[in-house]
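Written out below as structure tokens is the structure these notes cover.
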Amino acid sequence: MSKYKKSLIIYTVIIVSLVLIFLGYVFHSLIIYERNLVENYVSFLVKRDKLSDKINENLFTISKLEKDNAKITDGIKKIYKSANLEYKENNEESTDGIYVYDIYNNDILISKVALKSIKKYKIMGILTSNEWEVVDFKDYFENGIYTYKITLPEDYELYINDNLVSDDYIKETSDVPNLEELTKFISISKSNVYYIDNLVYEPKIKILDENKKEVAYKLKGNEIVINKEFIKVNTYDEARKYLKEDFGIMALAENYSLFLTDDLAGERHGLSTLMPYLLEDTLVYERAYSFSRGPDILMVSDHTFKNPRFTNETLSNFTIYNDLAFSVEIHLEKNMIVSHKDKVDILNDRWYFIYYDNGYKWVKSEAVKK
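Counting from 1, one number per residue, gives the positions in the sequence shown under this note's numbering.
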């Protein structure tokens, strides 16, 4: 090989090496620059375990439901490496020169960190970067790294890490939502609200129904809500086997419809005809009583009825809450003539009944959305 070729090869190797060194420097510089952007630096601190020395090892007393040998520091480090973390600047607490970031795990606030720039320097002579200092840090794990509010029917069982959760963890007992008017008078399955806290690791949660069958659930944030599954049937014939006795639901609905247009026979504009099915201290009773005594019933437009008076009458979507309570969707159309024009007055409601004082009483009504 000639002297010229040797020189050319050496020169080429030197040039390529310098280019690679320069590219490596640029690449490394851009990584440093990107990392030192304030939000990225928060993520760097958390993911690279740069905050361990700020973790309080005695932050809370570990739950008896936790797995054996759990350590608070290990649990916090593990959650900080989770892919579910989000970093949001707290604009209310950030000030000039101090950047405050809230750290969330699955939408739950777990920590707060405040950073201050203690030095600015140039990268490659054109990019300005910061050297950061942690000036404040706070964990929100006083009640445990994992906490749960779990609402279950009272005859369900809750297991955490294969441990049956005792009644000591029940902090509230509530009626089934939307049935408060019924539970004034009778007992319907209640719900127990469990508060599970002081857990270090994400637990294994198992829920069994009254038949000891495992129940699927959805975790929203740190809450699980399972409502009682009641018997649902679509016809009166199907519902009748669950009722205490047969009674004329549609006849009552017709009478109430007539009452609203001042067409029901009986004292107080027909209220006396409805009274055997009403209970005081219910909104249904109060509305009917007020209507029978108020001015609105006297202002009903003059009208007559077509033949047949009622059409399209249906009872559907029964829900049996227990042997003393049920609800049903009622639809009927009252065919009227008002000012020589046909008018159809529609009732399309869900009515709630309880068996009380030797008979069924109507205690609640709500409109059914079309």
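Every residue gets a Cβ at the ideal spot worked out from N, C-alpha and C, and that includes glycine.
- Message: Taking a contact to mean a Cβ-Cβ separation below 8 Å, would you say V100 touches L45 in this structure?
- Response: Taking the first residue of the sequence shown as position 1, residue 100 is located at position 100. Taking the first residue of the sequence shown as position 1, residue 45 is located at position 45. No, they are not a contact pair.
- Task: Inspect the beta-carbon positions of Y194 and L219 and report whether they are closer than 8 Å.
- Result: By 1-based counting over the sequence shown, the position of residue 194 is 194. By 1-based counting over the sequence shown, the position of residue 219 is 219. Taking 8 Å as the Cβ cut-off, Y194 and L219 do not qualify as a contacting pair.
- State whether the segment 220-230 contacts the segment 102-111, with contact taken as three or more CB pairs (one from each stretch) at a distance under 8 Å. yes
- Message: Distance check for F318 and L391, CA to CA, integer angstroms please.
- Response: Beyond the ends of the chain as shown, which are 1 and 370, falls residue 391; an answer cannot be given.
- Query: Could you check where the alpha helix (DSSP H) with S290 kicks off and where it finishes?
  - Reply: Within the sequence shown, residue 290 is the residue found at index 290, counting from 1. 283-293 is the span of the alpha helix (DSSP H), which, as asked, contains S290.
- For the beta strand (DSSP E) holding I337, just list the boundary residues, first then last. Your numbering for residue 337 matches position 337 in the sequence shown. Where I337 is concerned, the enclosing beta strand (DSSP E) stretches over 325-338.
- For the alpha helix (DSSP H) that Y236 lies in, which residues bound it at each end? As a working note, residue 236 is residue 236 in the sequence shown. 236-239 is the span of the alpha helix (DSSP H), which, as asked, contains Y236.
- Let me know if D302 comes out buried or exposed under the rule of 16 or more other beta-carbons within 10 Å of its beta-carbon. Within the sequence shown, the letter at position 302 stands for residue 302. The residue in question, D302, is exposed, as its Cβ has fewer than 16 Cβ neighbours within 10 Å.
- Query: Taking C-beta to C-beta, are L347 and A253 nearer than 8 Å?
  - Reply: As a first step, residue 347 must be located in the sequence shown, where it is residue number 347. As a first step, residue 253 must be located in the sequence shown, where it is residue number 253. Cβ atoms of L347 and A253: closer than 8 Å.
- H303 bridges to which residues according to DSSP? Working through the sequence shown from its first residue, we reach residue 303 at position 303. DSSP output for H303 lists V338 as bridge partner(s).
- Query: Between R337 and T273, what straight-line distance do the alpha-carbon atoms span, to the nearest angstrom?
  - Reply: As a working mapping, residue 337 is identified with position 337 in the sequence shown. As a working mapping, residue 273 is identified with position 273 in the sequence shown. Sequence inspection shows Ile at residue 337; the Arg mentioned does not correspond to that position. Approximately 24 Å, taken between the alpha carbons.
- Query: In chain order, what residues of the same chain have a beta carbon less than 6 Å from the beta carbon of Y148, not counting five sequence neighbours either side?
  - Reply: As a first step, residue 148 is located in the sequence shown; it is residue number 148 there, counting from the start. The residues are I196, N222.
- Query: Should K361 go down as buried or exposed, given a rule of 16 or more other Cβ atoms within 10 Å for buried?
  - Reply: Locating residue 361 in the sequence shown gives position 361, counting from the first residue. So K361 counts as buried.
- Query: From the DSSP output, which residues share a beta bridge with V113?
  - Reply: Residue mapping note: residue 113 aligns to position 113 of the sequence shown, counting from 1. Answer is Y101, F137.
- With burial defined as no fewer than 16 other Cβ atoms inside 10 Å of the residue's Cβ, what is the status of V200: buried or exposed? By 1-based counting over the sequence shown, the position of residue 200 is 200. Answer is buried; the Cβ neighbour count reaches 16.
- Could you say which of T183, V165, K190 lies nearest to I207 if we only look at CA atoms? By 1-based counting over the sequence shown, the position of residue 207 is 207. Looking at the Cα atoms, V165 is the closest of the given residues.
- Can you give the Cα-Cα distance for L332 and E366, rounded to whole angstroms? By one-based count along the sequence shown, residue 332 stands at place 332. By one-based count along the sequence shown, residue 366 stands at place 366. If I take the Cα positions, the gap works out to 15 Å.
- Query: Is the Cβ-Cβ distance between K228 and T282 less than 8 Å?
  - Reply: The sequence position of residue 228 within the sequence shown is 228, counting from 1. The sequence position of residue 282 within the sequence shown is 282, counting from 1. Result no, Cβ atoms of K228 and T282 do not sit closer than 8 Å.
- Compute the Euclidean distance between the alpha carbons of M275 and G144, then round it to the nearest angstrom. Position 275 of the sequence shown, counted from the first residue, corresponds to residue 275. Position 144 of the sequence shown, counted from the first residue, corresponds to residue 144. Each residue's alpha carbon lies about 55 Å from the other.
- Of all the options A70, R48, P295, K47, which has the alpha carbon lying nearest to the alpha carbon of N58? As a working note, residue 58 is residue 58 in the sequence shown. With distances taken between Cα atoms, N58 lies closest to A70.
- For K354, which residues does DSSP report across the bridge? Counted from its first residue, the sequence shown places residue 354 at position 354. Checking the sequence shown, residue 354 turns out to be Ile, not Lys. DSSP, once it has assigned bridges, lists A325, K361 as partnering I354.
- Query: Quick one: is H269 buried, meaning 16 or more other Cβ sit within 10 Å of its Cβ, or exposed?
  - Reply: Along the sequence shown, read from residue 1 onward, the residue named residue 269 stands at position 269. Looking at its Cβ environment, which holds 16 or more other Cβ atoms inside 10 Å, H269 is buried.
- Message: On the DSSP letters alone, give me the boundaries of the beta strand (DSSP E) that E151 sits inside.
- Response: Taking the first residue of the sequence shown as 1, we reach residue 151 at position 151. The amino acid occupying residue 151 in the given sequence is Thr; Glu does not appear at that position. From DSSP, the beta strand (DSSP E) with T151 extends over 146-153.
- Query: Do you know how far the Cα of L51 is from the Cα of N198?
  - Reply: Numbered from its first residue, the sequence shown carries residue 198 at position 198. Numbered from its first residue, the sequence shown carries residue 51 at position 51. Their backbone Cα atoms lie some 21 Å apart in a straight line.
- Close-in-space but distant-in-sequence residues of the same chain around G97 (CB under 7 Å, 5 per side omitted): Position 97 of the sequence shown, counted from the start, is the residue given in the question as residue 97. Same-chain partners within the cutoff: K116, S117.
- Can you name, in chain order, every residue of its own chain whose Cβ lies under 7 Å from the Cβ of V284, other than the five neighbours on each side? Within the sequence shown, numbered from 1, the residue matching residue 284 stands at position 284. Closer than 7 Å at Cβ, skipping near neighbours: L278, W362, V363, K364, S365.
- Where do the ends of the beta strand (DSSP E) carrying T173 lie? The sequence position of residue 173 within the sequence shown is 173, counting from 1. T173 -> beta strand (DSSP E) spans 170-175.
- Query: Does the segment 312-329 come within contact of the segment 341-360, defined as at least 3 CB pairs closer than 8 Å?
  - Reply: yes
- Unbroken alpha helix (DSSP H) runs of length 4 or more, entirely within the segment 211-281: which are they? 236-239, 249-260, 267-274
- What does D345 pair with, by DSSP beta-bridge criteria? For the purposes of this step, residue 345 is taken as residue 345 along the sequence shown, with counting starting at 1. D345 is bridged to K334.
- Message: So the candidates are N211, Y217, E210; which of them puts its Cα closest to the Cα of K204?
- Response: Working through the sequence shown from its first residue, we reach residue 204 at position 204. Taking only the C-alpha atoms, the option nearest K204 is Y217.
- Item | Beta-carbon proximity of E329 to R350, cut-off 8 Å | The count along the sequence shown starts at 1 and reaches residue 329 at position 329. The count along the sequence shown starts at 1 and reaches residue 350 at position 350. Yes. Within cutoff.
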